[in-house]
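Notes to accompany the following structure.
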Amino acid sequence: MFMSDRINRLNATIDNYIYVWSSIPSFVPLAEVLQNDRQILVEKLLTLTAKDVPKGRDGRDAVRLYLLGHALERIAGRITSEHFTIFRDQETVQVILEDSFGFIMERDRDDILIPHQNEALKILIQCLFRKVKPADQKDVLCFLQLFSREKANLHTDQDRTMRLRSMIWFIYLAIEIINAEQIACIKGCEYFRNKLRELLESSIRGTIIDEESRFPGFEGGKWESTLFGWLQGEDRRQFVEKLKRQFNMDNRNDHANRCLLADHRKCVLEQVLTLFCR
């Protein structure tokens, strides 16, 4: 196929998404991103479709995911403590994140220094939307309500919103494991899953940090300064138990829209390994 034909076909694909998304009020900002970034998108898709994307339906799905991911990333603002807040436990979440990541004191609030924001958003988008054809409108609405720079008063599914917030926690805890233990890069997802379960249980039992003595805690104290260490505490145990249930590592079928599914967890671990292994 001639280059001009490929460009025309990609422009037609972008036009189709602009048309469809413009017909859905809450998707209009996504359509505007595609319109404004058309030239950049055509150039990116030319490269993508030339070497990395299979033909046929799988290829169309890859293009769809790329366009949706680009639009959502462009619209998204910063990750804040609000995105970690589940069970309306804002104060506990605020303290955990301030202790773990640090903060800057502002005039009217403390600004938490949450790291790896670009990577976390990419992982969230990739793992929330990659299996859905087309993207589930309810999930898109939840994402826009939580992350859009220009907040819109959208009616969102509270269970799905809870899932998004839980995915943010899962992503950051997975990143903490890689940063503290690069051997996970070699041993892969099964090791990763077992380590995450073990660390959550240790946080609940209060053994990440040995509070009864001056001796190092779990595994020589290597996890004390991570999120897992700051999740430890009698006043935080109930929160961690609820968070663990949200991760749904036993694959329960109840509250399927609220909790993470096996595909979500697997995707997050794969993406974290890809982005953070050195």
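Going by numbering that gives the first Met the number 0, the sequence shown runs without a break in its numbering and finishes at 277. We treat Cβ as the ideally placed atom computed from N, Cα and C, and that holds for glycine.
LEU33 sits close to LEU40, with the two beta carbons spaced by under 8 Å. Straight-line spacing of the CA atoms in VAL92 and ARG59 works out to 40 Å. Taking C-beta atoms as the reference points, LEU66 and ILE124 fail to come closer than 8 Å. As the crow flies, the alpha-carbon of SER80 is around 40 Å from that of ALA11. When the five nearest sequence neighbours on each side are left out, the beta carbons in the same chain lying within less than 6 Å of the beta carbon of ILE207 are those of SER201, GLY216, PHE217, TRP222, PHE227, GLY228, GLN231, in order along the chain.
In terms of CA proximity to ARG5, THR48 leads the group ARG37, THR48, LYS243.
Residue range 261-275 is occupied by the alpha helix (DSSP H) that includes PHE275. For ASP98, the enclosing alpha helix (DSSP H) covers residues 89-100.
Around the beta carbon of ALA261, fewer than 16 other beta carbons sit within 10 angstroms, so the residue counts as exposed. Under the 10 Å beta carbon count, TYR171 is surrounded by 16 or more other beta carbons and is classified as buried. The beta carbons of LEU140 and LEU163 sit no closer together than 8 Å. Under the three-state reduction of DSSP output, ALA75 falls in the strand class. In the DSSP secondary-structure assignment, SER147 is bridged to ALA75. Considering only MET248, ARG106, SER224, PRO24, the residue with the shortest C-alpha distance to LYS265 is MET248. Taking C-beta separations shorter than 6 Å and ignoring five residues to either side along the sequence, the partners of CYS276 in its chain run CYS184, following chain order. From the listed residues ARG108, VAL267, PHE214, LEU198, the smallest Cα separation to GLU240 is found for LEU198.
Under the three-state reduction of DSSP output, MET2 falls in the helix class.
CA-CA distance, GLU175 to LEU143, rounds to 26 Å.
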